[in-house]
Each structure stands twice: as C-alpha cells, then as structure tokens.
Amino acid sequence: DIDAAERHLIREHGILAFTMHEIDRYGIGEVMNMALQHLLNDDPHRPLHISYDIDAVDPFLAPATGTTVRGGLNFREAHYVAEAAAASGNLASAEIVELNPTLTDGIGAEETVDLGLQLVTSMMGKSIL
Numbered sequence: 025d026i027d028a029a030e031r032h033l034i035r036e037h038g039i040l041a042f043t044m045h046e047i048d049r050y051g052i053g054e055v056m057n058m059a060l061q062h063l064l065n066d067d068p069h070r071p072l073h074i075s076y077d078i079d080a081v082d083p084f085l086a087p088a089t090g091t092t093v094r095g096g097l098n099f100r101e102a103h104y105v106a107e108a109a110a111a112s113g114n115l116a117s118a119e120i121v122e123l124n125p126t127l128t129d130g131i132g133a134e135e136t137v138d139l140g141l142q143l144v145t146s147m148m149g150k151s152i153l
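Using this note's numbering, the letters of the sequence shown correspond one by one to residues 25 to 153.
Here is the structure:
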C-alpha cells in the first residue's frame with residue numbers, strides 16, 4: 025500500500041517501484057528480474073540491502089503488522105522475493121520490518137513471526153519446495 029506522500033517521494037526522486045498490479049501482470053519472477061537488473065545494471069557486484077516490510081504480505085498470512093492491506097503478496101511470492109535476492113549473490117544485509125506481534129492475538133502473532141523467520145532463511149539461500 026502506497027500513500028500519497030510516499031507516491032510523491034517515489035515520483036520526485038525517480039524511484040523504480042512495483043505495485044501488485046505489476047506483479048499480477050508480469051509475475052513475481054519477472055518483477056524481481058526487472059528490479060535486480062535496475063539495481064545491478066551499473067555495477068553487477070553492488071552489495072544489496074533488503075528492508076523487507078512484512079505488511080507487503082497478505083494479512084491472511086501476516087496479520088501482526090500495523091498496516092494490513094488485503095491483496096498483498098501470497099506465501100510463494102513473499103518467499104520468491106527473498107530467494108531471488110539471495111540468488112543474486114549480492115545480498116549483503118537484510119531486515120524484516122513492520123512486524124509487531126502485540127497487534128494481534130497469539131496465533132496471528134505466531135504466524136507472522138514464523139513467516140518472518142522463514143523469509144530470513146530464504147534470504148540466506150534456503151529455497152522452499
């Protein structure tokens with residue numbers, strides 16, 4: 025979900041951004057290819073940092089976040105982002121953000137924390153089957 029202020033900053037600074045519309049249209053694989061190509065085009069050895077905002081994931085899978093918006097990344101798409109970053113060989117650092125277990129019940133908090141941990145392992149090179 026992109027609010028008006030974020031949209032303004034993205035346009036003002038010419039930041040390449042992808043929405044769920046592009047993911048639906050091109051697929052997560054092609055979107056990640058475009059993103060990585062853009063980031064690594066000038067320097068194929070550039071170290072990358074991911075700030076993985078858990079609220080990009082559909083709240084059915086990750087309810088313990090401050091901004092839940094239906095229609096986010098599904099389980100496989102969420103992992104593919106992390107796996108593709110790891111497979112690039114350029115991932116130098118990463119963080120999971122916007123995960124707040126106090127915002128939902130025990131089960132929702134557990135599911136969100138578990139997904140966050142799984143995404144970290146995917147960013148470290150583990151692939152899900």
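All C-beta atoms in this analysis are idealised placements derived from N, C-alpha and C, irrespective of residue type, glycine included.
Original post:
Is DSSP giving S146 helix, strand or coil here?
Top reply: In the sequence shown, the residue the question calls residue 146 occupies position 122. Helix, per DSSP.
Original post:
Do you know how far the Cα of L33 is from the Cα of H62?
Top reply: Position 38 of the sequence shown, counting from 1, holds the residue named residue 62. Position 9 of the sequence shown, counting from 1, holds the residue named residue 33. Their Cα atoms are separated by approximately 18 Å.
Subject >> For D77 and P71, the rounded distance between their alpha carbons >> reply: Counting from one through the sequence shown, the residue named residue 71 turns up at place 47. Counting from one through the sequence shown, the residue named residue 77 turns up at place 53. Inter-residue distance for P71 and D77 is about 19 Å (C-alpha atoms, whole angstroms).
Subject >> Given G140 as reference, the closest of L127, L123, M148, T128 once Cα atoms are compared >> reply: Here the question's residue 140 lines up with position 116 in the sequence shown. Taking only the C-alpha atoms, the option nearest G140 is L123.
Original post:
Buried or exposed: which applies to G95, given that a residue is buried once 16 or more other Cβ atoms fall within 10 Å of its Cβ?
Top reply: What you label residue 95 is simply residue 71 of the sequence shown in a count that begins at 1. The residue in question, G95, is exposed, as its Cβ has fewer than 16 Cβ neighbours within 10 Å.
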